[in-house]
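So the structure is just underneath, and the comments pick up after that.
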Amino acid sequence: MSRIREFLRLLYKHEEILTYISQQPSQSISIDYLHILIRQTNAEFNETQVENLSSYLQRSDPPILSLLDDGTFVLATRVTDLLLWLSNKMYLVNDKIIIALVEEMREISEKISLEMNRPKINSHMIDQHLEAMWRVNSQLRDISDSNKRAIGTQTQELRDGAKDFETKQMMAQMISDYLEPMKELIDENSGVVNAMNEAELVLGTIKSLHTMKSTIKSKSARLSSELSSTSVALRKDHINALSTIQPFLDVYLKSHSDLVLGCNRALATMNEKGVSSLNIPSKIFINLRKQPYNIFSEHNFARCFQRLFSVDFEARDLSIHPIAPKKVADEIRTNQLTKLISNRDSIPDIMHFILNEYPDQSLSVCNKACVDILVKMNDFDRIRYGGIENYSRGNYQLEVARIELLG
Amino acid sequence: MNYSDDINSGKYSDLIWALLRGQHIDLEMKEYALLEDLEDEFTTIFRTLGFELVKDIQHFFYVQRPNVSSEERQTANKFCAVFFIFIQQMQDKSDSGREIDLQLLLDRKGYNLEKILSVATLPDHLSRILIDVGLHSDEEIERTLVSMSNLKLIEKIENSPKWRFRKGISRLERLAREFAIEGEEE
């Protein structure tokens, strides 16, 4: 997570500059304008520091800015999304606002206490303070409701949002950072609970004062009850909402196996630069069931499965009769023969079939034709190799694996 | 007759062809023991044919060759994209807290890959990757799963919509881990 933390640190630190760029057409800005922006937000920077920051934003991992060929900087889409999300403050009411309201309530309680300790109580002033406290209480109640809904929305966004895994990791980290003070806020011993309890005590003293106007006493009693219920709701809503989102945050915040990280990085690269950029085929070889060509060379085929040799025969008497004219063997037309064989339902022995079809051709020519036909057919699912068979023609014999054509 | 004669006689031609067609022979298959016993002989045969017989440390054999066709390149991209996206989806939907690793993948209960990888359920950025590798529909994804099954990388569980991963998938798992390490080094 250190990489994401570093990225978010940069984002938070330069939120002002980046938000400005995100509001520009195409989220792009010229290099000169970027330098002006950096100088405006960092008055103490010298020229080298300005240059360094602009290049640092390009070199971040993942890059926040990319330099285009025309010399303009463009903001990464992911950064634009996150900035938009940040600028909406994730629709959560900041813990600082809650603390400010609670502080205001504490001040009002003190003012009421001061008023109550005066020799002559100004009931109008107390009424005014009660009105102010009522307003603060209503605001706290509204915040509690809206935060509960907002956290629900964030949970949904994390679970179903069409963002890549790393962006979700960043979102989870931002939500976690954002909710951290909220967690302290809802602690039982937190300032919020103490301030609400103190206010209730003050309101209790108003109720017990016999000389106080009955309208103020009843208003104080209603406010006390409202405060009590707000205090419970504020904690309960936040506890429920945080416990709902925490498991989803954990999915992205916990350390992941190398398998998950690797898949994430591979998918991010595929998304950004295309599948070919990973050069997967050079890293993993997949042999296929059907090949466009014969899967191994004739040379290798022969070396592995065939042994062609001549056989010495005993010497025979030579004939003195005139030799009959030599018969010219029919040329093997491989294309036609391939069609003829392919169209057959099955052939138990392809070599035997060819030898029968071309009785005048030599053994080696028939054998070569057999290999050519297998290559042209290109359908190895229909071929089954059997045991070694012995074929002979003339003075030659051939030992070769029997090849059967399946139906 | 010795083993070499057996091999030359064509006795193991079905096994040789299965490997040449890209199948991964793992420990669960009866041919594994034979390959292990006759590893040297089979290695020689495949080398003669221009292939390399690889014995993986995860206990499976497969055959590879240096010059791959464009169809094989596309298939490698499809297999990896499908596998990477499955892992990503699994991580996104994970609520068990259990680390996703090879052991979890090899769980015999299997996974409903067709449902997890369905175009309808994938977020846009993952659908785009599938389109980039040529998988535009659920039917094409299913065909890729069947191809992976033919190579014994995965297996359909009988009477169930689920698929289970076989040992051979560790080749893709290892590739993913390599990408993680490369990313760290960068």
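First to last, the sequence lines map onto chains A and B.
Those letters in the first sequence? Residues 44 to 450, by this note's numbering.
Those letters in the second sequence? Residues 2 to 187, by this note's numbering.
By construction, the Cβ of each residue, glycine as well, lies at the ideal position given by its N, Cα and C atoms.
Only counting the same chain, and skipping five residues up and downstream in sequence, which positions put a Cβ closer than 8 Å to that of residue i?
i, result
"GLU158/A", "ILE164, ASN165, MET168, ILE169, HIS172"
"LEU449/A", "SER389, ASP424, ARG425, ILE426, ARG427"
"ALA19/B", "ILE26, GLU32"
"ALA309/A", "LEU321"
"LEU127/B", "ILE86, GLN89, GLN90"
"SER195/B", "Summary: the structure shown does not reach residue 195/B, with chain B confined to residues 2 through 187, and so no result is reported for it."
"SER97/A", "ILE74, LEU77, HIS78, ILE81, LEU108, PHE116"
"THR377/A", "ALA412, ASP415, ILE416, LYS419"
"GLU179/B", "none"
"GLN92/B", "ILE101"
"ALA121/B", "ASP139"
Given that residue i touches chain A, what residues does it touch there, using C-beta distances under 8 Å?
i, result
"GLU73/B", "PRO324, PHE328, ILE329, ASN330, LEU331"
"LEU173/B", "ILE327"
"ARG215/B", "For residue 215/B there is no data in the structure shown, the boundaries of chain B being 2 and 187."
"GLN104/B", "Here the premise fails: no neighbours, minimum Cβ distance about 10 Å."
At what residues does the alpha helix (DSSP H) containing residue i begin and finish?
i, result
"ILE130/B", "125-133"
"ASN399/A", "393-400"
"ARG308/A", "301-316"
"VAL418/A", "406-420"
"SER65/A", "58-65"
"SER97/A", "90-102"
"MET377/A", "Here the sequence assigns Thr to residue 377/A, which means Met is not the residue at that position. It spans 377-386 - the alpha helix (DSSP H) in which THR377/A sits, taken as one unbroken run."
"GLU140/B", "139-151"
Tell me which same chain residues have a C-beta within less than 6 Å of the C-beta of residue i, skipping the five on either side of it?
i, result
"GLY111/B", "ILE158, LYS163, TRP164, ARG165"
"GLN90/B", "ILE117"
"VAL267/A", "The sequence shown places Ser at residue 267/A, not Val. Correct list, in chain order: GLU243, LEU246."
"ASN180/A", "GLU269, LEU270, THR273"
"GLY114/A", "ILE74"
"GLU53/B", "GLN65"
"THR44/B", "LEU54"
"LYS250/A", "LYS260, SER263, ALA264"
"ILE182/B", "none"
Ignore the nearest five residues each way along the sequence and tell me which others in residue i's own chain have a CB closer than 7 Å to its CB.
i, result
"LEU292/A", "ALA215, ILE218, SER219"
"MET64/A", "Position check: residue 64/A holds Ile in this sequence, whereas Met was assumed. Once the five neighbours on either side are set aside, the close Cβ partners of ILE64/A are GLN70, ILE72, LEU118."
"SER385/A", "MET420"
"HIS60/B", "ASP27, LEU28, LYS168"
"VAL145/A", "GLY234, VAL235, ALA238"
"SER156/A", "VAL245"
"GLY429/A", "ALA444, ARG445, GLU447"
I'd like the span of the beta strand (DSSP E) that includes residue i, first residue to last.
i, result
"GLN440/A", "439-448"
"PHE116/A", "115-118"
"GLU432/A", "426-436"
"ILE72/A", "71-73"
"GLU156/B", "155-157"
"ARG109/B", "Counting along the chain, ARG109/B falls outside any beta strand (DSSP E), and DSSP gives it neither H nor E."
"LEU110/A", "108-110"
"TYR165/B", "The question names Tyr, yet the displayed sequence has Arg at residue 165/B. Element bounds for ARG165/B: 164-166."
What in chain A is Cβ-close to residue i, meaning under 7 Å?
i, result
"GLU100/B", "SER300"
"ALA177/B", "LEU302, GLY305, CYS306, ALA309"
"VAL64/B", "ASN330"
"ALA181/B", "ASP301, LEU304, GLY305, ARG308"
Output, in chain order, the set of chain A residues within a Cβ distance shorter than 9 Å of residue i.
i, result
"VAL147/B", "Under the 9 Å cutoff, chain A gives no residues; its nearest Cβ is about 11 Å from VAL147/B."
"VAL134/B", "MET313, VAL318"
"GLN89/B", "ASP207, PHE208, VAL303, CYS306, ASN307, LEU310"
"ILE86/B", "CYS306, LEU310"
"ALA82/B", "ALA309, LEU310, MET313, VAL318, ILE323"
"ASP27/B", "Within 9 Å Cβ-Cβ: nothing; ASP27/B doesn't reach chain A, min ~16 Å."
Starting from residue i, find everything on chain B with Cβ-Cβ shorter than 8 Å and list it in chain order.
i, result
"TYR99/A", "The premise fails here: TYR99/A is roughly 17 Å from chain B at the closest Cβ pair, so nothing lies under 8 Å."
"TYR434/A", "Within 8 Å Cβ-Cβ: nothing; TYR434/A doesn't reach chain B, min ~15 Å."
Can residue i be considered in contact with the ligand GDP, in the sense that its beta carbon sits closer than 6 Å to one or more heavy atoms?
i, result
"VAL134/B", "Looking at this structure, you won't find the ligand GDP or any other ligand, since it has none at all."
Counting only runs of 4+ residues fully inside the region 9-74 of chain B, write out the alpha helix (DSSP H) ranges in chain order. 14-21, 32-38, 40-49
Could you please tell me which residues of the region 49-64 of chain A, in chain order, have their CB closer than 8 Å to any CB of chain B? none
Which ranges does the alpha helix (DSSP H) cover as unbroken runs of at least 4 residues, wholly within the region 230-262 of chain A, from first to last along the chain? 234-251
Quick one, which residues of the region 32-56 of chain B are near chain A if we go by CB-CB under 7 Å, in chain order? ILE46, THR49, LEU50, GLY51
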